[in-house]
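One structure is given below, encoded as structure tokens.
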Amino acid sequence: MGSMSHMKLRRTPLKNSGSIDHLEYVDVTPIIGREYPTARLKDMLNAPNADDQIRDLAITICERGVVFFRAPQDDLTVEEQKRITYLLGKLTGRPEDHGLHVHPLYNDPNNIPMADGTTDENIYVINSEAMKKLYATMKNRPNSTSEPKDLSREWHSDCLFEECPADFSFLRMQDTPPSGGDTLWVSGYELYERLSPPFAAFLETLTATCAQPVFKSASDAGGYELMSPRGSPLNVGDKFAPVHPVIRTHPVTGWKSLFAGVGLHVTRINDVYNYEDQIIRDYVLRLITRNHDCVARMHWTKQACAIWSNACTLHAATATPLVRQNGKA
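Here it is as structure tokens:
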């Protein structure tokens, strides 16, 4: 995790050294996504030049938005998954006193364990049925019994409800449904490029409040304490209502990206009238839904992995019953 104040510092964009250029890959689209069909993350972690390879992987992720590892990563342990995620941030300039994010609801006794039956504060196991329960009281989620399905509300950037959101997310698929369950990512870089220059300049002056009260209500209802701190000395307490820039400059690439203009956790564009707030968010969402060439889609296979940069992508899951994903680190 990196602090937002740290990310505002100007520095020279990081350059790829070429240490993973030997790996077979295919770009998912010209705009976003890269898939490594045969690479094994364990080999990268154990290589003599592991730091160089992980650093170049991090830079590639930040440039491409999201990378997929299609070959089953079934020999990768949870500790190795965490280690890779930790190094992705460390080797690209994350502050030394920041680490892996801790999910606010780790103390929930109903949390789903990992495949080996254990739990880990840095791993959140995602299950479609559990997510329904967690977000049952979320106000900006559609009520399926009274509204038509609107999956556009699912788009989000991870941990935007924290003062210091997660730099990277690492998702490994444990169980897959017979069909469906895909995850989609959209490029914040390309969304920014598709704004007119005057409108982009205006959005660069704005911030958004990213409130997520569901964690406090869930912990109150369940009778357990929220985790605090959560991977950063700034991620403390139970307010979950930070202010983030609508447009940001990625600290690794130096490229501008649409960051907090829309999404599950964005509750208000600040310093504009209510109607203007809604117009802005509706327009950003329209950019996503009307420009599918900005989107990379992952059709999951067992033990496949995806790693992405939250600073330059939004993503959305496709809910399918009985899907378990071996958590985000």
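My numbering numbers the first residue of the sequence shown as 530 and each following residue consecutively.
Quick reminder that beta carbons are idealized off the backbone N, C-alpha and C, glycines included.
Buried or exposed for residue i, going by 16 or more other Cβ atoms inside 10 Å?
i: E719; result: buried
i: V824; result: buried
i: N803; result: exposed
i: E608; result: exposed
i: L680; result: exposed
i: P923; result: Outside the displayed range of the chain (530 to 858) lies residue 923, so it cannot be described from this structure.
i: I808; result: exposed
i: A644; result: exposed
i: M791; result: Just to set this straight, residue 791 is Val in the shown sequence, not Met. When all chains shown are included, V791 counts as buried.
i: N764; result: buried
i: P694; result: buried
i: T621; result: buried
i: D822; result: exposed
i: D806; result: buried
i: D550; result: exposed
Check residue i in the structure and name its three-state DSSP category.
i: R593; result: helix
i: V824; result: strand
i: L732; result: helix
i: R682; result: helix
i: N839; result: coil
i: Y635; result: coil
i: D556; result: strand
i: A695; result: coil
i: R612; result: helix
i: L689; result: coil
When the Cα atoms are used, what is the spatial distance from residue i to residue j?
i: P677; j: R810; result: 20 angstroms
i: V715; j: Q610; result: 24 angstroms
i: T842; j: T705; result: 24 angstroms
i: S698; j: A835; result: 8 angstroms
i: P642; j: E650; result: 11 angstroms
i: C688; j: D637; result: 18 angstroms
i: L552; j: W837; result: 18 angstroms
i: E564; j: N839; result: 18 angstroms
i: G628; j: Y615; result: 7 angstroms
i: D585; j: T796; result: 35 angstroms
i: Y653; j: H632; result: 7 angstroms
i: F731; j: I776; result: 10 angstroms
i: T818; j: L713; result: 12 angstroms
i: T541; j: N575; result: 29 angstroms
i: G646; j: A579; result: 30 angstroms
i: G547; j: T589; result: 10 angstroms
i: W784; j: G751; result: 42 angstroms
i: V813; j: T847; result: 20 angstroms
i: L735; j: D603; result: 44 angstroms
i: R759; j: E625; result: 15 angstroms
When DSSP builds the beta bridges, which residues end up paired with residue i?
i: W829; result: In the DSSP output, where bridge partners are listed per residue, W829 has none listed.
i: L724; result: Beta-bridge pairing links L724 to no other residue.
i: T712; result: M827, A846
i: D649; result: I652
i: L620; result: DSSP output for L620 lists no bridge partner at all.
Less than 7 angstroms between CB atoms is the rule here; does residue i satisfy it with respect to chain B?
i: E691; result: Although the question refers to chain B, the structure presented lacks it and comprises just one protein chain.
Segments assigned beta strand (DSSP E), at least 3 residues, entirely inside the region 734–815
736–738, 772–774, 776–778, 785–787
Sequence ranges, beta strand (DSSP E) only - wholly within the region 560–587, length at least 3
563–565
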